Every structure is written in C-alpha cells, then in structure tokens.
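What follows is a short report on a single structure.
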Amino acid sequence: MKETEVIESLTGVNARRKKSRIPAKLDFYQSATGLFLALFIFAHMFFEASILFGYNAMYDITKMFEGSFLFKESHPFIVSILAFVVFVIFILHALLAMRKFPINYRQYKTFKTNMYLINHDDTKLWFIQACTGFAMFFLGSIHLYTVMVQADKIGPFASSDRVVSDWFWPLYILLLFAVVLHAIIGVYRLCLKWGWFEGGDSKQTREKLKKFRNILTIFFLILGILTISTYIKIGITHKNHYGERYTPLSVTSTKIEQKVNK
Ligand code: HEM
C-alpha cells in the first residue's frame, strides 16, 4: 500500500476531496462583525463627545437614544436592547477571532520568530490586534454589561459620577487605547484583505491607507482623551452631589408651569 493510500484509509482525507468552505465563511463573518463594531465605535465616540459641547448637548443625545423623538416619555430599555445587540455581536466577533490565536507556547514562539524574521509592519499589526482584542474581552465586557443593566443612569452627571465616583476612569482609559487601535487597525486590514479602495498601483494604495490609518488613530485618541477628561472634570466637581441627575432648565420650567396650571 502506498503512503498516500494509508493516510487516506486512516483519515478519510484524499486529494480529490472537495475543500471545505467553512473557513472562508467564518472569515467573512469575522470581517462583517468587525466592520459593524468598528463603525459602531466611531459613531459612539462622536455621540459621547457631545459632552464637549455642554451638558444640554449630551442630555439631548441621551434622550434621543431613549426614544424621545418617538414617545412622550424616555425609555432607557431601548438603550439596554441596543447594548444587548452590540454585546452579542461583540461576543460573536471574539469567538470567531479566537480561532486564530496561538493556542500554546510553541505556536506563540513560532509566530514571534516569524514576526521578527519577516519584519513586516502588517504582521506586527496583527500582533497588536490580538493583544488589544484580548484586553477588550474583559474591559469591553464590563462596560457593555454596565450600560446594559444601568441604561437609566446615562447623562451628563450620571456618566461623570460613574467615571469618577464609581472608579470607571482607569477602565475607560485602557479601553479607549485598546478599542481605537483595534478598530482602526482592523478596518485598515479589512481594506487590504478585501481590496477596497484598490487603485492601479497597490503600493501607492497601501501607503495612502497607512497615512489615513495614522491620522484616524490620532484623531480618535485625542477626541477620546478630551471626552474622558471632561467627564472626569465634571465628576470631580459633582462628587458631593453623587447620584443627583442633570435636568435642563427648559425641562424644570415646563414642570413648574404644569404644576402652576394644575
Ligand atoms: C450600546 C452599547 C454602548 C453604549 C450605550 C455605550 C455608552 C457609553 C457611555 C454613555 C459612555 C460615557 C461614560 C459612562 O456613562 O459610563 C461610554 C464611554 C466609553 N465607551 Fe461605550 N457604550 C457602548 C458600547 C461600547 C463598546 C462596544 C465599546 C468598546 C469596546 C465602548 C467603549 C467606550 C469607551 C472607550 C468609553 C470611554 C470614554 C472615552 O474615552 O471617550 N463602548 N460609553
């Protein structure tokens, strides 16, 4: 019996056997969930940065997510549902990505040796993505679970109280760096993998994408640092009033008017 026939009889695998499509499908789902999460994060950073424009700006955005444009009263459970959906996609993405992690020290050493031998920037980026992804397993899950179960405690004062008095600021600073690097490197690698924005000259396209990637990273890091600093500043001044909610003047005066008219 030939060696190939022995292998075939033992494993059932032969050269004629059709290749499985499952790895390609899993790769597609990983890209799709990753792209959704990255776009979500970019939007999230802008909405959250509304605090830079004052208490009322952030209050209005919060109420909009609680359905104020559809209903008379606000419904924080809408935010809980959104957080739940994002959490499910986040877990799915992590599960799909996990299959590419080195599973033992030998695989890890082989990867590291290859990384230094090849000395290619994009291989190093994969390593950064694996490390930031691992950190986000924990940091992202804590944040998502918190907003899911405390969706009624989002607002200029409630969020700042959480950041300072509930000690969420160290978690947010670490999460900010992890998520910005992970999302932007991820989108950059997706562009290369699927050939998006591919011009005639692939070297030139890669250079342009790299430039755009670096500008976006700096932009979102600065935006995130300014945002978290603002929540910290408000949280410190609001420390003695922990738990008190922000109410815009317009809402307070409407309530007074309603009481007077009764
Ligand atoms: C529907 C889901 C989400 C909601 C409703 C939400 C909401 C918020 C809110 C209101 C804050 C301000 C601080 C606070 O109130 O605690 C915040 C901060 C933050 N969130 Fe989320 N978030 C969601 C998902 C995510 C995800 C998936 C990530 C990344 C994995 C993320 C990363 C961050 C970071 C890094 C900050 C810190 C602030 C900064 O530096 O700009 N969030 N989020």
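Numbered by this note's numbering, the letters in the sequence shown go through residues 1355 to 1616 in order.
Positions of the beta carbon are idealized from the N, C-alpha and C atoms, including for glycine.
Predicted model only: the values in this text are computed from it and were never measured.
Cut-off 6 Å between Cβ atoms - residues of its own chain near phenylalanine 1441, not counting five sequence neighbours on either side: Excluding residues within five positions, the ones whose Cβ falls inside 6 Å are Leu1498.
Cβ-Cβ distance between valine 1533 and isoleucine 1443 below 8 Å: Between valine 1533 and isoleucine 1443, the CB-CB gap reaches or exceeds 8 Å.
N- and C-terminal bounds of the alpha helix (DSSP H) containing histidine 1592: DSSP places histidine 1592 outside any alpha helix (DSSP H), giving it a letter other than H or E.
Beta carbon of arginine 1560 nearer than 8 Å to that of isoleucine 1538: no
Span separating the alpha-carbon of leucine 1544 from that of lysine 1379: 15 Å
Counted within 10 angstroms of its Cβ, other Cβ atoms place glutamate 1359 as buried (16 or more) or exposed: exposed
Contacting residues, own chain, Cβ-Cβ under 7 Å from leucine 1446 (five flanking each side not counted): Thr1387
Lysine 1593 to aspartate 1475 span [Cα, whole Å]: 45 Å
Any non-hydrogen atom of ligand 1 within 7 Å of valine 1440 CB: Answer for valine 1440: yes, Cβ within range of ligand 1.
Assigned exposure category for glutamate 1357 - 16 Cβ within 10 Å defines buried: exposed
Boundaries of the alpha helix (DSSP H) in which leucine 1393 is found, first to last residue: 1376-1402
CA-to-CA distance, lysine 1507 to valine 1605, given in whole angstroms: 18 Å
Beta-carbon proximity of threonine 1581 to leucine 1436, cut-off 8 Å: No. Outside cutoff.
Heavy atom of ligand 1 within 7 Å of alanine 1437 beta-carbon: Indeed, a heavy atom of ligand 1 lies less than 7 Å from the Cβ.
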